[in-house]
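1 is the number of the first residue of the sequence shown in the UniProt record's numbering; add one for each residue after it.
C-beta: ideal position from N, C-alpha, C; glycine also.
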Amino acid sequence: MPRSNDDFLTNVPGTVYLIDASHTLQDAAHAGQQDIVLLPQPSNSPADPLNWPRAKKFWSLCLISAYACIFSFGENNTGASWTLISEDTGVSINNMNGGSALNYLLLGFFNIIWIPSAMKFGRKIVFILSLLVLCAGSIWGGLYHGVAQYFISSALQGMGTAAYQALIQLTIFDVFFAHERGRMVAFYIFFQQLGSILGLILGGYISDGIGWRWCAPIVAIACGVLILLFIFTFDDTMFPRYRFNGVPIIESADTVKPTKSDAKAKTENSLDNEVSETGSITIDEEIPPRTYKQKMALIHYYEDDHTTWLQYFRRPFYLFAFPNIVLAGIQFAFGCTAGIVTFNTISEIMTEAPYNWSAGSAGLIFLAALVGNIIGMGIGSLSDWVVLVLARRNKGYKEPEMRLWTYIFPFIFGGIGYFTYGWAATNGDHWMAIAVALCCMIAQQVSLTSMATAYAMECFDGISGELVVVLAICSSLINFAISYSVQPFIDATNYGWAFTFFGILVSLAVLMGIPMILWGKTWRRNCKARYEKFLAETGASSH
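In C-alpha cells, the structure reads:
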C-alpha cells in the first residue's frame with residue numbers, strides 16, 4: 001500500500017488507532033483484556049447502545065436479522081412459481097420482470113424518506129412503519145389481477161421493503177464496535193439471504209399446496225408478529241453521541257494516538273466485560289436512567305441535533321462526490337445481482353426441458369445457495385480478522401482499505417458461479433452444475449455486500465446513515481436495469497452469454513478494489529473538509 005508522510009497519523013477520516021500493541025493508552029477503553037481499542041469510544045451512559053449487555057445487543061441483532069429474513073422471504077417466495085403466476089394473472093413474463101424491476105428501484109430510492117426519518121425520529125418508528133407498508137402490499141399481493149394492480153402491489157412492497165437495504169446496517173453500527181462490524185454485517189446478510197433461499201424453496205411448495213396467492217399474505221402475517229416484537233422489545237439504538245465531549249463521533253485528526261489521553265477519569269461500569277477497566281472517557285451523565293415505557297417509546301427525538309430532516313434528505317446526494325462511497329456502492333450493487341438474476345430465471349430453467357421439475361422441486365435447488373450463504377458469512381467474518389492482522393503490522397493503525405484484500409474470494413466465486421450457471425442452463429447439463437454455480441454466486445453476494453458495506457461505513461462513520469442511502473440507491477439503479485434487461489438479453493442470445501456478461505460486470509466491480517487500495521486514503525483525505533462540514537451541522541466534531 002503506498003505510504004505518505006502521515007501514514008501513521010489519524011488526521012484522515014477512517015484512519016484510526018485500533019491496536020494498542022504497546023499498552024500505552026491507559027485512558028482508552030479496550031476490548032476485554034485485549035489490545036484492541038474500542039472504536040467509537042463508549043460513553044458511561046447506560047443508554048449508550050455500545051454499553052448494552054451482550055444479550056441485549058444480540059437480541060437487537062437477531063430481531064433486525066429476522067426483519068431482513070422476512071422481508072427477503074417476501075421478495076423471493078414467488079420466484080419458483082413465476083411462470084405459473086404469469087399464466088394465472090395474464091401478466092406476461094416481461095411485465096412480471098418489469099414489476100420486479102420497479103420493486104428493486106424503490107428498494108433504494110425510498111430510503112431517501114426512510115433514513116432521514118430514522119436519523120431524526122429514531123430507528124424504531126421506521127422499522128414499524130416499513131413493516132406496516134409491507135403488510136399492506138403483501139395483502140394486496142394475494143388479491144391482484146392484471147398488470148396495473150400487479151405494478152401497484154410491487155410498488156407498495158418495494159416501498160415497505162426498502163428500509164432493510166439501509167436501516168439495518170445503520171442499526172448495527174449504532175450497537176457494535178469497529179472490530180466487530182464486519183462479522184455482524186455478515187451475520188445480518190446471512191439471514192437476509194436465508195430469507196431469499198427459504199422463499200424460493202418454500203414458495204414452490206406453497207404454490208403446489210395452498211396456492212401461490214398465499215405467498216404474500218403469509219408475509220403479512222409474519223410482519224404482524226414482528227410489529228408486536230418491535231413495539232414491546234426493541235430499544236431504539238439512536239444515541240446522541242455528540243453530547244459527550246470526550247467521545248468523538250469518529251477517531252480522526254489525532255483523536256486516538258499512542259500518547260496520553262486528554263481524558264482523566266475512568267468509567268465505573270464494566271460494560272459486561274466487553275470494555276476493560278484499563279481506561280475510559282471523562283464525560284458528564286446527560287441522559288438519566290430510563291423507564292421501560294421510555295425505552296419502548298415509538299419516537300426518539302433530540303432537539304439539540306442541529307441537522308434538519310431536509311438536510312438529512314439532501315446530504316446523500318452530495319456523497320456521490322465521495323469516490324470511496326460511490327465505488328463501494330457499485331460493488332454493493334453488483335454483489336446483489338446474483339440473487340436477482342437467479343430469481344428471475346430459476347423457474348424458467350428448472351420447470352422446462354430437460355429438467356421438467358415442479359415448482360416445489362425447482363425451489364429445492366436453492367439448498368445449494370444455503371451452503372454458499374454460510375461460506376459468504378465466513379468470508380465476511382474473515383475480513384475482520386484480516387483487518388486486525390494488518391493493523392498490527394501497521395503499528396496499530398487501521399485503514400479501511402485493509403478489508404479489501406479479502407475481495408479475492410468474491411472475485412473467484414463470482415467468476416465461477418456466473419459462467420457455470422449460464423452455460424450449464426444453456427447446454428442442459430446435470431442439475432448439480434447449476435446447484436454448484438448457485439452456491440458460488442451466493443457466496444460471492446454475501447461476502448461482497450458485507451465487506452463493501454463495512455468498508456464504506458468505516459471510511460466516514462460519522463455520516464453512516466446518509467452513506468447507506470447511497471449504497472441502496474446504487475443497488476437500485478444497477479439492479480433495476482439488470483432485472484429489466486435479463487429476460488430480453490436471454491431471449492436475444494441464451495443463458496450462457498447473458499450470464500457471462502453479467503459475470504464480467506460483477507468481476508470488474510470487484511476489481512475496482514485495486515484502485516481503492518492504492519488511492520483510497522488520498523480520496524478520503526480530499527473529502528475531509530466536506531465531511532467535517534456535515535459533522536458540524538449535527539453539532540459534532542471530527543476531533
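From the options, residue whose alpha carbon lies closest to that of residue i
{"i": "Ala166", "options": "Ile64, Ser153 and Tyr397", "result": "Ile64"}
{"i": "Pro400", "options": "Phe230, Cys223, Gly224 and Phe460", "result": "Phe460"}
{"i": "Ile408", "options": "Met512, Ile482 and Trp82", "result": "Met512"}
{"i": "Ser100", "options": "Ile504, Ile482 and Gly520", "result": "Ile482"}
{"i": "Asn324", "options": "Tyr455, Asp384 and Ala424", "result": "Tyr455"}
{"i": "Leu364", "options": "Cys135, Tyr150 and Thr351", "result": "Thr351"}
{"i": "Leu388", "options": "Gly224, His179 and Asp236", "result": "His179"}
{"i": "Cys223", "options": "Ala155, Val386, Pro410 and Ala66", "result": "Ala66"}
{"i": "Ala297", "options": "Arg241, Phe230 and Gly211", "result": "Phe230"}
{"i": "Thr15", "options": "Ala391, Trp405 and Ala498", "result": "Ala391"}
{"i": "Arg243", "options": "Gly90, His306 and Ile19", "result": "His306"}
{"i": "Val219", "options": "Val133, Lys295 and Val175", "result": "Val133"}
{"i": "Asn44", "options": "Asp429, Arg241, Ala216 and Trp431", "result": "Arg241"}
{"i": "Pro116", "options": "Leu39, Lys528, Pro316 and Gly199", "result": "Pro316"}
{"i": "Leu226", "options": "Phe127, Phe343 and Thr500", "result": "Phe127"}
{"i": "Thr83", "options": "Ala369, Phe109 and Ser347", "result": "Ser347"}
{"i": "Thr233", "options": "Ile434, Val12, Lys57 and Asn427", "result": "Lys57"}
Residue i versus residue j - alpha carbon distance
{"i": "Phe187", "j": "Met377", "result": "6 angstroms"}
{"i": "Ala191", "j": "Phe320", "result": "First, the residue type needs correcting, since residue 191 is Phe and not Ala in the sequence shown. The alpha-carbon atoms of Phe191 and Phe320 are separated by roughly 29 angstroms."}
{"i": "Val506", "j": "Arg290", "result": "48 angstroms"}
{"i": "Arg213", "j": "Leu143", "result": "7 angstroms"}
{"i": "Phe177", "j": "Leu467", "result": "18 angstroms"}
{"i": "Ala55", "j": "Val185", "result": "17 angstroms"}
{"i": "Ala163", "j": "Ile340", "result": "18 angstroms"}
{"i": "Val486", "j": "Ala338", "result": "12 angstroms"}
{"i": "Pro42", "j": "Arg183", "result": "20 angstroms"}
{"i": "Ile412", "j": "Met451", "result": "15 angstroms"}
{"i": "Thr259", "j": "Leu508", "result": "Low per-residue confidence applies at Thr259: pLDDT is 37, beneath 50, and the placement is therefore not dependable, though the value from the model is reported in the following sentence. Their Cα atoms are separated by approximately 42 angstroms."}
{"i": "Ile172", "j": "Ser464", "result": "11 angstroms"}
{"i": "Ser138", "j": "Gly329", "result": "29 angstroms"}
{"i": "Ser475", "j": "Tyr418", "result": "18 angstroms"}
{"i": "Asp235", "j": "Lys124", "result": "8 angstroms"}
{"i": "Trp519", "j": "Thr449", "result": "21 angstroms"}
{"i": "Thr161", "j": "Cys439", "result": "25 angstroms"}
Residue i - DSSP class collapsed to helix/strand/coil
{"i": "Glu268", "result": "The pLDDT assigned to Glu268 is 34, lower than 50, so where the model puts this residue is not dependable; a value taken from the coordinates is nonetheless given after this. Reduced to three states, the DSSP call for Glu268 is coil."}
{"i": "Val469", "result": "helix"}
{"i": "residue 587", "result": "Nothing about residue 587 can be read from this structure; the chain reaches only from 1 to 543."}
{"i": "Glu251", "result": "The predicted model places Glu251 with a pLDDT of 39, which falls under 50 and marks its position as unreliable; any figure quoted below should be read in that light. The answer is coil: DSSP assigns Glu251 none of H, G, I, E or B."}
{"i": "residue 620", "result": "Because residue 620 is not part of the residues shown, which for the chain are 1 to 543, the question remains open."}
{"i": "Val37", "result": "strand"}
{"i": "Asp88", "result": "helix"}
{"i": "Met512", "result": "coil"}
{"i": "Tyr302", "result": "coil"}
{"i": "Met238", "result": "coil"}
{"i": "Val12", "result": "coil"}
{"i": "Pro49", "result": "helix"}
{"i": "Asp384", "result": "helix"}
{"i": "Gly428", "result": "coil"}
{"i": "Trp357", "result": "coil"}
{"i": "Met1", "result": "Any answer about Met1 is weak, because its pLDDT of 46 lies below 50 and its placement is not dependable; what the coordinates show is given next. The answer is coil: DSSP assigns Met1 none of H, G, I, E or B."}
{"i": "Gly414", "result": "helix"}
{"i": "Arg123", "result": "helix"}
Buried versus exposed call for residue i [16 or more other C-beta atoms within 10 Å across all chains shown]
{"i": "Pro53", "result": "exposed"}
{"i": "Trp309", "result": "exposed"}
{"i": "Pro354", "result": "exposed"}
{"i": "Leu535", "result": "buried"}
{"i": "Asn94", "result": "exposed"}
{"i": "Val247", "result": "Low per-residue confidence applies at Val247: pLDDT is 41, beneath 50, and the placement is therefore not dependable enough to give any value."}
{"i": "Arg314", "result": "exposed"}
{"i": "Asn97", "result": "buried"}
{"i": "Asp491", "result": "exposed"}
{"i": "Arg393", "result": "exposed"}
{"i": "His300", "result": "buried"}
{"i": "Trp385", "result": "exposed"}
{"i": "Leu61", "result": "buried"}
{"i": "Lys120", "result": "buried"}
{"i": "Lys293", "result": "exposed"}
{"i": "residue 565", "result": "With the chain covering only 1 through 543, there is no way to say anything about residue 565."}
{"i": "Ala443", "result": "buried"}
{"i": "Lys395", "result": "exposed"}
{"i": "Ala333", "result": "buried"}
{"i": "Glu87", "result": "exposed"}
{"i": "Met159", "result": "buried"}
{"i": "Pro488", "result": "exposed"}
{"i": "Ile379", "result": "buried"}
Point to revise | alpha helix (DSSP H) segments (min. 4 residues) lying fully within the segment 136-196 | key: The segment 136-196 contains these whole alpha helix (DSSP H) runs: 146-161 and 167-175.
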